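Beneath this line is the structure, given in structure tokens, with notes to follow.
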Amino acid sequence: MRKRSDPARGLTPGWNSLAVAAGVGLLVIFLAWLAGPGLFGISNETKGTTVRAEVVEPAPCTGGGATEKVKFEFGGKPMEGSLNACGHGKGERLEVVVPDGASGDAVAVHAAEATAGASDARRPLGLALLVFSCFAGGMYVFLVLRGPRLPVTA
657 MRKRSDPARG
667 LTPGWNSLAV
677 AAGVGLLVIF
687 LAWLAGPGLF
697 GISNETKGTT
707 VRAEVVEPAP
717 CTGGGATEKV
727 KFEFGGKPME
737 GSLNACGHGK
747 GERLEVVVPD
757 GASGDAVAVH
767 AAEATAGASD
777 ARRPLGLALL
787 VFSCFAGGMY
797 VFLVLRGPRL
807 PVTA
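Adding 656 to a residue's 1-based position in the sequence shown gives its number in the working numbering.
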């Protein structure tokens, strides 16, 4: 029979404390899954208005930083913008996203098919890192509750 007042043994964690740590970890993971992609900074929504544009000045793809000039109609008035792309033909029509609140002559637009900084691999990776951190936290709770192990002398 085990003595509870034995200082050499410390507190031995029971199944109850391990179950609570595991339950809290699972709850955190479940709530993170329900929070959706916004929790990990992933946003699939476009911040702007998609319009049809025509390439006015195409740029060759021979160097870095190629920028093409496009013209489009936004808010009922014709506008010109710079598109960070290359390889389109003059007069070619494509869909671009105009940022909200855009005004002036030179507006920076981007192709509607391109999403800056989006990666579908971020959500599973973020969730996996969250699972590992919950596991590490549970192991820390286990080690704290277990206490130090002293060598047994005969």
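Where a beta carbon is used, it is the ideal one built from N, C-alpha and C, also for glycine. Predicted, not measured: the structure shown is a model, and the values here were computed from it.
Just mark residue i as buried or exposed, buried being the case when its beta carbon has 16 or more other beta carbons within 10 Å.
| i | result |
| --- | --- |
| PRO804 | exposed |
| CYS790 | buried |
| LEU739 | buried |
| GLU724 | buried |
| VAL676 | exposed |
| PRO714 | buried |
| ALA764 | exposed |
| MET795 | exposed |
| GLY737 | buried |
| ALA691 | exposed |
| LYS703 | exposed |
Could you round the C-beta distance between residue i and residue j to whole angstroms and report it? I think they count as a contact, below 8 Å.
| i | j | result |
| --- | --- | --- |
| ALA758 | PHE730 | 7 Å |
| PHE728 | VAL752 | 7 Å |
Name, in chain order, the residues that DSSP records as bridge partners for residue i.
| i | result |
| --- | --- |
| MET735 | PHE728 |
| THR705 | VAL754 |
| VAL711 | VAL726 |
Taking the beta strand (DSSP E) that residue i belongs to, which residues open and close that run?
| i | result |
| --- | --- |
| LEU750 | 749 to 754 |
Within the continuous alpha helix (DSSP H) that includes residue i, where are the two ends?
| i | result |
| --- | --- |
| ALA767 | Not the alpha helix (DSSP H): ALA767 falls in the beta strand (DSSP E), residues 762 to 767. |
| GLY681 | 671 to 691 |
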